[in-house]
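Heads up: the protein sequence lines correspond to chains X and H, in order.
All the letters of the first sequence, read from the start, carry residue numbers 11 to 331 under our numbering.
All the letters of the second sequence, read from the start, carry residue numbers 30 to 354 under our numbering.
Glycine is no exception: its CB is placed at the ideal position from the N, C-alpha and C atoms.
Report on one structure; see the data block that follows.
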Amino acid sequence: MKKQILSLTTPLGQSVPLYKNVWGSTKKGKSLSIVGGLRGNQFNGMRLLARLSGFLDAVEKGEAAGFEISGSVQIIPLGNLFAVQSGTRNWTFDNLNFDLAFPGYDQGEPTDRIAHCLYRHTFESDFALAVHSYDARYQELAHARLFHGDRKARKLADGLGLRAVREIRETSVSELQLISQWRERGVAALMLCPGETGTLDTGLCENLFGKLVDLMIGAGVLNSANRTPEKTEVSFYSPKEEVELKSSYAGLFIPERSVGDELRAGDKLGEIRDIYSGEILEEITAPGEGLLVGLRVYPLVYQSETLATLVAKKSRWPFSF
Amino acid sequence: MQIQTLLQYQSPLGVPVEIKKQTFNCARSAAGRPVKKISFVAGLHGDEWEGLYICHLLSRYLQDLKTTHAESFLGEINIYPAANPQAVCEGTRLTPFFSVDANRSFGAGGADSLPEYVASDLFEDIRSSSDLAVDIHASNQRLLELPQIRIVEEFDLSLTPLASECNVDLVWVHPMAGVFRSTLAYNLNKARVPALVVETGICLRIHPEFCRQVFLGLVHLMRHVGILKGDDSLEFSVKKPRVVYPREVGSLQAKKSGLFVHQMKLGQNVQEGEKAGEIIDPIQGRVLEEVRFPFSGMLFTVCENPVVYEGAPLARAALDQPAGK
């Protein structure tokens with residue numbers, strides 16, 4: 011069921027509603043909240059949550075044989091309304107990074123109010139997911155992120171069944187993120203990064219849809235007579251098990267691999283060429299074996315920018331980073 | 030004066046992006062002996078040009094002083110006039126290309142991206158060059174500010190006496206908020222380098238009278254802490270600011286979205302119930318809200334951008350009576 015949870019008025023008098031979709035009852039079973047659209051250009055997340063909402067509607071109407079909602083689920087598919095409307099990463103009016111606006115303020119400006127509304131509607135959930143991808147200049151492997159050492163979140167990530175889970179450090183910046191605020195309130199919270207920002211990959215969305223259905227079954231908010239969650243080997247990578255490869259030169263970066271590739275030491279990932287002469291300035295190679303989880307796809311690079319992110323279990327690195 | 034490039038990285042065009050600082054030494058520091066050091070930082074947000082002009086006034090004064098009264102220099106003075114050069118050149122708050130707020134990049138504990146790496150190196154340079162630092166800002170694109178210094182409550186005791194020597198109209202001691210944890214000044218203060226945050230004027234403009242007032246205040250601050258000796262080339266009286274705490278600040282917010290039209294003036298004393306302006310509906314030709322002050326006090330912030338959403342700050346005032354009394 012689609013419910014309006016906030017209405018904002020533009021200076022020209024138009025109302026802009028914020029909606030959530032809800033299924034089941036919070037009075038029985040566990041509760042799951044999913045929030046997407048934290049930036050205006052995260053199309054995989056939008057598609058994924060629309061697909062999931064359609065499925066849950068069908069379950070509620072009895073049109074999805076063998077499925078039954080056993081707890082409660084709510085999805086807020088578009089958080090950063092005005093950025094979605096302007097088709098930009100941030101809302102151009104305030105240019106604030108919405109992902110760093112939490113817990114928000116209910117008497118503040120639109121960004122504060124939306125952030126507070128999202129927080130208020132979700133912080134009492136047992137489980138929560140922020141569907142959020144990062145920089146449009148990078149291709150990212152679909153993966154989950156959680157704060158390093160968060161056991162509740164690890165268990166939830168295990169149920170999601172994605173190949174890679176990155177455990178991130180908590181910093182002075184990340185404490186303003188929605189998942190950090192959820193964690194503060196004892197919610198088992200994850201960030202689901204659904205691939206690349208600014209593009210739509212329907213195949214990936216369909217795959218992630220299946221993963222979310224499995225997560226809901228595992229979390230006890232959805233029952234299924236027929237479906238058994240697929241067993242996938244999930245690897246958790248601590249901050250020490252990540253390495254970022256940076257550019258020593260500025261120029262045009264031409265990638266030669268794709269995210270998801272398993273690399274060996276010495277494998278070439280791409281090269282940087284001089285924009286004027288075309289001369290190769292630098293070849294980027296893997297320093298050790300690992301899984302490529304992030305790769306620069308926006309070709310213009312500054313010196314010292316990250317070109318690729320590799321993860322590998324520590325025991326597999328030939329030397330320490 | 031020496032100009033040093035403390036940090037440099039190449040852009041895709043091959044043009045280096047450089048952060049520079051000016052350093053004014055004294056005879057004692059030139060001889061390698063320890064002296065007090067102060068740093069002035071501006072341009073972390075590239076659309077805040079009041080700070081660049083204040084740094085220019087400082088630099089010009091110090092260069093003249095070096096020629097005429099070299100003995101006046103008792104310590105080391107470092108000026109970072111454009112700490113975020115790319116953003117300054119494009120006049121944007123965020124660092125272009127990366128869309129990152131440079132003043133929300135400090136203290137992250139790592140250097141995962143180029144802006145974080147730059148922030149980390151810049152921080153280290155300022156920290157090691159300062160016994161005292163001043164970070165100069167100009168609010169945002171909507172709010173015009175009377176020259177003031179803002180202090181997070183936990184640093185009140187150490188910073189307020191220093192802030193009171195800066196010739197500003199107001200010192201605002203405010204509560205901590207999560208957003209400050211990643212700012213330059215907060216992290217300097219945590220690293221035991223007292224750091225003052227000046228807010229004055231508004232983005233994308235220069236208010237020469239405000240800049241001159243702050244410039245004189247910073248000269249006085251240097252004299253006060255023993256980095257400069259007084260000299261007869263620049264004599265002036267110093268304004269004692271009003272120091273306000275959270276309950277002594279009143280905020281006026283928009284109850285409606287629309288166009289805010291007002292006649293408020295910075296520094297104006299207003300009375301509770303007095304009309305501040307109107308929020309109008311430009312499509313329907315109606316007045317949506319007759320805005321009245323909910324407090325009596327002296328205005329130190331006024332909204333300059335007429336396009337407002339519900340909840341937008343329209344004015345702030347130092348209250349005649351603390352709230353709740």
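Chain X within 8 Å of residue i, Cβ atoms only
{"i": "residue 282(H)", "result": "yes"}
{"i": "residue 146(H)", "result": "yes"}
{"i": "residue 310(H)", "result": "yes"}
{"i": "residue 158(H)", "result": "no"}
{"i": "residue 88(H)", "result": "no"}
{"i": "residue 143(H)", "result": "yes"}
{"i": "residue 211(H)", "result": "yes"}
{"i": "residue 117(H)", "result": "no"}
{"i": "residue 306(H)", "result": "no"}
{"i": "residue 207(H)", "result": "yes"}
{"i": "residue 313(H)", "result": "yes"}
Residue i burial status per 10 Å Cβ neighbour count (16 or more: buried)
{"i": "residue 75(H)", "result": "buried"}
{"i": "residue 41(H)", "result": "buried"}
{"i": "residue 123(H)", "result": "buried"}
{"i": "residue 275(H)", "result": "exposed"}
{"i": "residue 186(H)", "result": "exposed"}
{"i": "residue 192(H)", "result": "buried"}
{"i": "residue 242(H)", "result": "buried"}
{"i": "residue 221(X)", "result": "buried"}
{"i": "residue 204(X)", "result": "buried"}
{"i": "residue 106(H)", "result": "buried"}
{"i": "residue 287(H)", "result": "buried"}
{"i": "residue 118(H)", "result": "exposed"}
{"i": "residue 143(X)", "result": "buried"}
{"i": "residue 62(H)", "result": "exposed"}
{"i": "residue 330(X)", "result": "Bear in mind that a pLDDT of 42 at residue 330(X), under 50, signals an unreliable position, so the number given afterwards is only what the model happens to contain. The residue in question, residue 330(X), is exposed, as its Cβ has fewer than 16 Cβ neighbours within 10 Å."}
{"i": "residue 133(H)", "result": "buried"}
Within-8 Å CB hit, residue i to chain H
{"i": "residue 74(X)", "result": "no"}
{"i": "residue 254(X)", "result": "yes"}
{"i": "residue 148(X)", "result": "no"}
{"i": "residue 311(X)", "result": "yes"}
{"i": "residue 105(X)", "result": "yes"}
{"i": "residue 119(X)", "result": "yes"}
{"i": "residue 314(X)", "result": "yes"}
{"i": "residue 331(X)", "result": "Low confidence applies here, because residue 331(X) scores a pLDDT of 42, under 50, leaving its location unreliable and the question unanswered by this model."}
{"i": "residue 61(X)", "result": "no"}
{"i": "residue 237(X)", "result": "no"}
{"i": "residue 123(X)", "result": "yes"}
The ligand ATP heavy atom lying under 7 Å from the CB of residue i
{"i": "residue 159(H)", "result": "Here there are no bound small molecules, and the ligand ATP is not part of this structure."}
Subject >> Whole alpha helix (DSSP H) elements within the segment 100–137 of chain H, 4-residue minimum >> reply: The segment 100–137 of chain H contains these whole alpha helix (DSSP H) runs: 114–119.
**OP:** Would you list, in sequence order, the uninterrupted beta strand (DSSP E) runs of no fewer than 3 residues that lie entirely inside the segment 222–257 of chain H?
**Re:** Uninterrupted beta strand (DSSP E) stretches at least 3 residues long and entirely within the segment 222–257 of chain H occur at 224–230, given in chain order.
**OP:** Report the residues of the segment 38–51 of chain H with a CB closer than 9 Å to any CB of chain X, ordered along the chain.
**Re:** Listed in sequence order: 38, 39, 40, 41, 42, 43, 44, 45, 46.
Original post:
Mind listing which residues of the segment 318–345 of chain H have their C-beta closer than 7 Å to chain X's C-betas, in chain order?
Top reply: Within the segment 318–345 of chain H, the residues whose Cβ lies closer than 7 Å to some Cβ of chain X are 336, 337, 338, 339, 340, 341, listed in chain order.
Original post:
Which runs of the alpha helix (DSSP H) fall wholly inside the segment 31–90 of chain H and span at least 4 residues, in chain order?
Top reply: Correct list: 56–59.
Subject >> Minimum length 3: unbroken beta strand (DSSP E) runs contained in the segment 198–263 of chain X >> reply: Look at the segment 198–263 of chain X and you find these whole runs of beta strand (DSSP E), each 3 residues long or longer: 198–203, 232–234, 245–247, 252–256.
**OP:** Could you pull out every unbroken beta strand (DSSP E) segment of at least 3 residues lying fully inside the segment 167–191 of chain H, listed in chain order?
**Re:** Listed in chain order, the complete beta strand (DSSP E) runs (minimum 3 residues) inside the segment 167–191 of chain H are 172–181.
**OP:** Scan the segment 174–195 of chain X for residues whose Cβ lies nearer than 8 Å to a Cβ of chain H and list them as they occur along the chain.
**Re:** Taking 8 Å as the Cβ-Cβ cut-off, the segment 174–195 of chain X approaches chain H at 179, 181, 182, 183, 185, 186, given in chain order.
Original post:
Name the residues in the segment 217–229 of chain H whose C-beta lies less than 8 Å from a C-beta of chain X; which are they?
Top reply: Per Cβ criterion, the list is empty.
Original post:
Can we say the segment 113–133 of chain X touches the segment 273–281 of chain X, given the rule of at least three CB pairs closer than 8 Å?
Top reply: Flag = no, the segment 113–133 of chain X and the segment 273–281 of chain X do not touch.
Subject >> Short-range partners of chain X found in the segment 277–303 of chain H, where Cβ spacing is below 8 Å >> reply: The segment 277–303 of chain H vs chain X, Cβ under 8 Å: 282, 285, 286, 287, 288.
**OP:** Select from the segment 256–270 of chain X all residues with a C-beta closer than 8 Å to any C-beta belonging to chain H, and list them in chain order.
**Re:** For the segment 256–270 of chain X, which is checked against every Cβ of chain H, the residues closer than 8 Å are 259, 260, 261, 262.
**OP:** Please name the residues in the segment 19–44 of chain X whose beta-carbon is closer than 7 Å to at least one beta-carbon of chain H, in chain order.
**Re:** Residues 19, 20, 21, 22, 23.
Subject >> beta strand (DSSP E) runs wholly inside the segment 70–115 of chain X, at least 3 long, in chain order >> reply: Fully enclosed beta strand (DSSP E) runs of 3 or longer: 77–79, 82–86.
Original post:
Is it a yes or a no for the segment 164–172 of chain H touching the segment 211–227 of chain H, going by three-plus beta-carbon pairs under 8 Å?
Top reply: These segments touch.
Original post:
Would the segment 245–265 of chain X and the segment 288–303 of chain X be scored as touching if the rule is three or more Cβ pairs under 8 Å?
Top reply: Touching, yes, given that three or more Cβ pairs across the two stretches are closer than 8 Å.
**OP:** Identify every run of the alpha helix (DSSP H) within the segment 113–150 of chain X, keeping only runs that are complete inside it and at least 4 residues long; order them along the chain.
**Re:** Correct list: 120–132.
Original post:
Would the segment 171–178 of chain H and the segment 324–333 of chain H be scored as touching if the rule is three or more Cβ pairs under 8 Å?
Top reply: Yes: at least three Cβ pairs fall under 8 Å.
Subject >> Validate contact between the segment 94–107 of chain H and the segment 124–136 of chain H using beta carbons, cut 8 Å, 3 pairs >> reply: With the cut-off at 8 Å, the segment 94–107 of chain H and the segment 124–136 of chain H do not touch.
Original post:
Residues in the segment 121–139 of chain H with C-beta within 9 Å of chain X's C-beta atoms, listed in sequence order?
Top reply: Answer set for the segment 121–139 of chain H: 121, 122, 123, 126, 127, 128, 129, 130, 133, 134, 135, 136, 137, 138, 139.
Original post:
Is it true that the segment 308–327 of chain H meets the segment 137–155 of chain H, where meeting means three or more beta-carbon pairs spaced less than 8 Å apart?
Top reply: Counting Cβ pairs under 8 Å, fewer than three are found: no touch.
**OP:** Please name the residues in the segment 275–294 of chain X whose beta-carbon is closer than 7 Å to at least one beta-carbon of chain H, in chain order.
**Re:** Taking a C-beta cut-off of 7 Å against chain H, the contacting residues of the segment 275–294 of chain X are 285, listed in chain order.
Original post:
If you pair each beta-carbon of the segment 142–160 of chain X with each one of the segment 195–203 of chain X, do three or more pairs fall below 8 Å?
Top reply: Segments in contact, yes.
Original post:
Between the segment 84–100 of chain X and chain H, which residues of the former have a C-beta closer than 9 Å to a C-beta of the latter?
Top reply: If the cut-off is 9 Å between Cβ atoms, the segment 84–100 of chain X has 99, 100 near chain H.
Original post:
Counting Cβ pairs closer than 8 Å, one from the segment 167–178 of chain X and one from the segment 95–104 of chain X, do we hit at least three?
Top reply: Judged by Cβ distances under 8 Å, the segment 167–178 of chain X makes no contact with the segment 95–104 of chain X, as fewer than three pairs qualify.
Original post:
If we count Cβ pairs, one from each stretch, closer than 8 Å, do we get three or more for the segment 298–312 of chain H versus the segment 150–159 of chain H?
Top reply: No, the segment 298–312 of chain H is not in contact with the segment 150–159 of chain H.
**OP:** Report yes or no: do the segment 177–196 of chain X and the segment 196–214 of chain H share at least 3 C-beta pairs separated by less than 8 Å?
**Re:** The segment 177–196 of chain X, when compared against the segment 196–214 of chain H, does touch it at the 8 Å Cβ threshold.
**OP:** May I ask you to verify whether the segment 55–65 of chain X touches the segment 82–99 of chain X, counting CB pairs closer than 8 Å and requiring at least 3?
**Re:** At 8 Å Cβ cutoff, the stretches touch.
Subject >> Contained beta strand (DSSP E) runs [length at least 3] in the segment 261–312 of chain X, N- to C-terminal order >> reply: Those beta strand (DSSP E) runs which fall completely within the segment 261–312 of chain X and span 3+ residues are 261–265, 278–283, 290–295, 300–306.
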